[in-house]
Amino acid sequence: MLKLYIPCDSVARAVGADDLAVALAREAERRQLPIELRRTSSRGLYWLEPLLELESPEGRLGFGPVTAADVPALLDALQGDASTHPLALGPVEEIPYLKSQQRLLFARAGITRPLSLDDYRAHGGFEGLTRAIALSGEEIVTAVLDSGLRGRGGAAFPAGIKWRTVRGAAAEQKYVVCNADEGDSGTFADRMQMEGDPFLLIEGMAIAGLAVGATMGYIYVRSEYPQAVQTLRAAIEIAREAGYLGANVGGSGRAFDLEVRVGAGAYICGEETALLDSLEGKRGVVRAKPPLPALQGLFGLPTLVHNVLTLTSVPIILARGAQFYRDFGMGRSLGTMPFQLAGNIRHGGLVERAFGLTLRELVEGYGGGTASGRPLKAAQVGGPLGAWVPPSQFDTPLDYEAFAAMGAMLGHGGVVVADESLDMAHMARFALQFCAEESCGKCTPCRIGSTRGVEVVDRLLAAPDAAARDEQVILLKDLCDTLTYGSLCALGGMTAYPVTSALKHFPADFGLETSEADQ
Numbered sequence: 001m002l003k004l005y006i007p008c009d010s011v012a013r014a015v016g017a018d019d020l021a022v023a024l025a026r027e028a029e030r031r032q033l034p035i036e037l038r039r040t041s042s043r044g045l046y047w048l049e050p051l052l053e054l055e056s057p058e059g060r061l062g063f064g065p066v067t068a069a070d071v072p073a074l075l076d077a078l079q080g081d082a083s084t085h086p087l088a089l090g091p092v093e094e095i096p097y098l099k100s101q102q103r104l105l106f107a108r109a110g111i112t113r114p115l116s117l118d119d120y121r122a123h124g125g126f127e128g129l130t131r132a133i134a135l136s137g138e139e140i141v142t143a144v145l146d147s148g149l150r151g152r153g154g155a156a157f158p159a160g161i162k163w164r165t166v167r168g169a170a171a172e173q174k175y176v177v178c179n180a181d182e183g184d185s186g187t188f189a190d191r192m193q194m195e196g197d198p199f200l201l202i203e204g205m206a207i208a209g210l211a212v213g214a215t216m217g218y219i220y221v222r223s224e225y226p227q228a229v230q231t232l233r234a235a236i237e238i239a240r241e242a243g244y245l246g247a248n249v250g251g252s253g254r255a256f257d258l259e260v261r262v263g264a265g266a267y268i269c270g271e272e273t274a275l276l277d278s279l280e281g282k283r284g285v286v287r288a289k290p291p292l293p294a295l296q297g298l299f300g301l302p303t304l305v306h307n308v309l310t311l312t313s314v315p316i317i318l319a320r321g322a323q324f325y326r327d328f329g330m331g332r333s334l335g336t337m338p339f340q341l342a343g344n345i346r347h348g349g350l351v352e353r354a355f356g357l358t359l360r361e362l363v364e365g366y367g368g369g370t371a372s373g374r375p376l377k378a379a380q381v382g383g384p385l386g387a388w389v390p391p392s393q394f395d396t397p398l399d400y401e402a403f404a405a406m407g408a409m410l411g412h413g414g415v416v417v418a419d420e421s422l423d424m425a426h427m428a429r430f431a432l433q434f435c436a437e438e439s440c441g442k443c444t445p446c447r448i449g450s451t452r453g454v455e456v457v458d459r460l461l462a463a464p465d466a467a468a469r470d471e472q473v474i475l476l477k478d479l480c481d482t483l484t485y486g487s488l489c490a491l492g493g494m495t496a497y498p499v500t501s502a503l504k505h506f507p508a509d510f511g512l513e514t515s516e517a518d519q
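Here the numbering used here is used: the first residue of the sequence shown is 1, the next is one more, and so on.
And the structure:
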């Protein structure tokens, strides 16, 4: 019997994975060929999707990208010498893109079925929760502190400090909230986790609940992720029936349960306090701090808020120890990060590596350069409000502090690649327009400054001479300072990043003869 694997990931399905599965089943039935077809998560090698894998004595053999039309010839090859087929990739684990990664969060990607509890446990699932149950809440918090884990949502705040604050807060009810409102351009790691390995997030949240004394958790998912919502809800039911959620988590005598809530698609609800307002049924508006959500969060009660990648790191830390986790990374950026390659890139997909590899290794090594074949112009790192990094800075290590030192950020790990055809002046204008459209409107710099910024860029591009352009550049720089230092939250505060980096590195796109740094 042939044992075959096809991902059920949203991207794989979008490019024909479901049609491929149907075609395989029908052709096998017509041939009276016994097959076992399993739908797994995606490995994140998206340029090869749909990726078909065949179980063999040498391990899983890959074929891709495979279409329904390829099925008859492919089955002929699978019954003989599979390596002769033109779509044959050899052993999947030996594909260089995958082999050189350091997968902790995505160790099960492409291997397990998303809703199979047996698959999850067979590959180390719930070992972290089992160990956490044997510890006190304080000991769990200490393990997270010792690991050096920092929030993966963008701010990179030490996770253990948040946990200690929530644990120390006096309240009869506390909450754990997962921010799964993944809205940055070019990011998909959260979606891959929720669709492909949902029990890992459930386990991480349960451990967090035991640590800080919370009995209820909410996963806030953007409405654009319907498959993630469906998968999470099914996984929660399975985990609850198996005793990993509910009144007696894993036989610990302590309670923790979960619900999935769906957001309406506002980018601002990626900011934790706006998200909490939305969870409470209000319009998502940023709250002033203090008070911090760790002390007065959801419904005014202590709340631990983290994103998906932060919470899914926790079971690994508990299962394998804080020191194991600290052995990955550099400086204060410890552990691994799932970087996501998108845009004009030859090999788009997910790359999980320890902090410290360079942007050049990521874009040129893993990504293979531009899909168009034209020279690289820049990569935007950290979402739509991230800085544009030119190739001259591609040797900078992917590290929170290293990027901050050059006026950039890692954010959620999204990397959008552009070739020489991209107009950076238009991208600067887009960043300001994006801020204007997505602003919650609570603070003046973000609400008004972003709109004025669009007007300034328009005047700059329409300026008749160098003196007029210079005047608008001065005004634009002042406006960016106001956004950076006067905005209530990071939406307005970071809008300046793509604008100032575009001005600095690509002055010609604005009609300027010298860089902003030389003026």
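Beta carbons are placed, not taken as given, at the ideal position from N, Cα and C, and that holds for glycine.
Please read all numbers here as calculations on a predicted model, not as lab measurements.
Would you report the Cα separation of residue i and residue j, rounded to the nearest angstrom?
{"i": "Ala-322", "j": "Ser-147", "result": "4 Å"}
{"i": "Gly-246", "j": "Arg-240", "result": "6 Å"}
{"i": "Ile-448", "j": "Ala-436", "result": "8 Å"}
{"i": "Phe-199", "j": "Pro-315", "result": "10 Å"}
{"i": "Tyr-366", "j": "Ala-169", "result": "45 Å"}
{"i": "Ala-402", "j": "Thr-396", "result": "7 Å"}
{"i": "Glu-521", "j": "Pro-507", "result": "Only positions 1 to 519 of the chain appear in this structure, which leaves residue 521 out of reach."}
{"i": "Glu-29", "j": "Pro-338", "result": "40 Å"}
{"i": "Gly-160", "j": "Leu-145", "result": "4 Å"}
{"i": "Gly-265", "j": "Asp-399", "result": "30 Å"}
{"i": "Ile-140", "j": "Gly-383", "result": "32 Å"}
{"i": "Lys-477", "j": "Glu-93", "result": "49 Å"}
{"i": "Phe-430", "j": "Leu-460", "result": "14 Å"}
{"i": "Arg-233", "j": "Ala-171", "result": "28 Å"}
{"i": "Gln-32", "j": "Leu-74", "result": "16 Å"}
{"i": "Gly-520", "j": "Val-308", "result": "Nothing about residue 520 can be read from this structure; the chain reaches only from 1 to 519."}
{"i": "Thr-370", "j": "Ala-342", "result": "10 Å"}
{"i": "Ala-235", "j": "Leu-117", "result": "9 Å"}
{"i": "Ile-317", "j": "Phe-324", "result": "7 Å"}
{"i": "Cys-8", "j": "Val-22", "result": "13 Å"}
{"i": "Gly-331", "j": "Leu-20", "result": "46 Å"}
{"i": "Leu-201", "j": "Thr-312", "result": "5 Å"}
Taking all protein chains shown into account, decide if residue i is buried (16 or more other Cβ within 10 angstroms of its Cβ) or exposed.
{"i": "Thr-495", "result": "buried"}
{"i": "Glu-271", "result": "buried"}
{"i": "Ala-143", "result": "buried"}
{"i": "Tyr-5", "result": "buried"}
{"i": "Glu-532", "result": "Lying before the first or after the last residue shown, residue 532 is absent from the chain, which here runs from 1 to 519."}
{"i": "Tyr-225", "result": "buried"}
{"i": "Asn-179", "result": "buried"}
{"i": "Met-194", "result": "buried"}
How is the alpha helix (DSSP H) around residue i delimited, first residue to last?
{"i": "Thr-358", "result": "Segment: none, Thr-358 is in no alpha helix (DSSP H) and carries neither H nor E."}
{"i": "Met-192", "result": "189-196"}
{"i": "Gly-128", "result": "127-133"}
{"i": "Gln-101", "result": "Where Gln-101 is concerned, there is no enclosing alpha helix (DSSP H), given that its DSSP letter is neither H nor E."}
{"i": "Val-66", "result": "First-last for Val-66: undefined, no H or E at that position."}
{"i": "Arg-429", "result": "424-438"}
Closest by CA to residue i, which one among the options?
{"i": "Gly-90", "options": "His-123, Arg-108, Leu-54, Pro-114", "result": "Leu-54"}
{"i": "Leu-483", "options": "Thr-451, Ala-109, Asp-458", "result": "Thr-451"}
{"i": "His-306", "options": "Asp-419, Val-221, Gly-265", "result": "Val-221"}
{"i": "Val-351", "options": "Arg-121, Met-192, Pro-158", "result": "Met-192"}
{"i": "Ala-12", "options": "Val-473, Gln-227, Ala-463, Val-415", "result": "Gln-227"}
{"i": "Asp-197", "options": "Asp-257, Arg-254, Arg-39, Asp-181", "result": "Arg-39"}
{"i": "Leu-521", "options": "Val-363, Glu-455, Tyr-120, Ala-180", "result": "Residue 521 falls outside the range modelled here, since the chain spans only 1 to 519, and no answer is possible."}
{"i": "Leu-61", "options": "Arg-320, Glu-420, Arg-469, Lys-3", "result": "Lys-3"}
{"i": "Ala-523", "options": "Ala-156, Leu-210, Leu-479, Leu-201", "result": "The displayed coordinates of the chain run from 1 to 519. Any statement about residue 523 would go beyond what the structure contains."}
{"i": "Glu-27", "options": "Tyr-46, Leu-78, Ile-95", "result": "Leu-78"}
{"i": "Arg-469", "options": "Lys-289, Val-456, Asp-481, Leu-479", "result": "Val-456"}
{"i": "Thr-310", "options": "Gly-154, Glu-280, Arg-374, Ala-255", "result": "Gly-154"}
{"i": "Pro-57", "options": "Leu-292, Ser-439, Ala-82, Pro-86", "result": "Ala-82"}
Might you give, ordered along the chain, the residues of its own chain that have their beta carbon closer than 6 Å to the beta carbon of residue i, omitting 5 neighbours on each side?
{"i": "Asp-509", "result": "Asp-423, Met-424, Ala-425"}
{"i": "Leu-48", "result": "Gly-64, Pro-65"}
{"i": "Phe-188", "result": "Gln-340"}
{"i": "Asp-277", "result": "Gly-284, Val-285"}
{"i": "Arg-287", "result": "Thr-273"}
{"i": "Gln-433", "result": "Val-454"}
Which same chain residues, not among the five before or five after residue i, have their C-beta less than 7 Å away from its C-beta?
{"i": "Gly-213", "result": "Gly-137, Arg-167, Lys-174"}
{"i": "Lys-99", "result": "Glu-93"}
So the beta strand (DSSP E) residue i belongs to, where does it begin and stop?
{"i": "Phe-63", "result": "59-63"}
{"i": "Gln-230", "result": "First-last for Gln-230: 226-241, but that is the alpha helix (DSSP H), not the beta strand (DSSP E)."}
{"i": "Glu-53", "result": "52-56"}
{"i": "Thr-495", "result": "That residue, Thr-495, is in no beta strand (DSSP E); it is neither H nor E in DSSP."}
{"i": "Glu-93", "result": "Here Glu-93 belongs to no beta strand (DSSP E), and DSSP marks it neither H nor E."}
{"i": "Asp-327", "result": "It is not in any beta strand (DSSP E) - Asp-327 carries neither H nor E in the DSSP assignment."}
{"i": "Val-260", "result": "257-263"}
Using a threshold of 7 Å, is the CB atom of residue i nearer than that to any non-hydrogen atom of the ligand MG?
{"i": "Gly-16", "result": "The model on display carries no ligand, and the ligand MG is accordingly not part of it."}
What residues in its chain sit with their C-beta under 8 Å from that of residue i, if we drop five residues either side in the sequence?
{"i": "Asp-481", "result": "Ala-496"}
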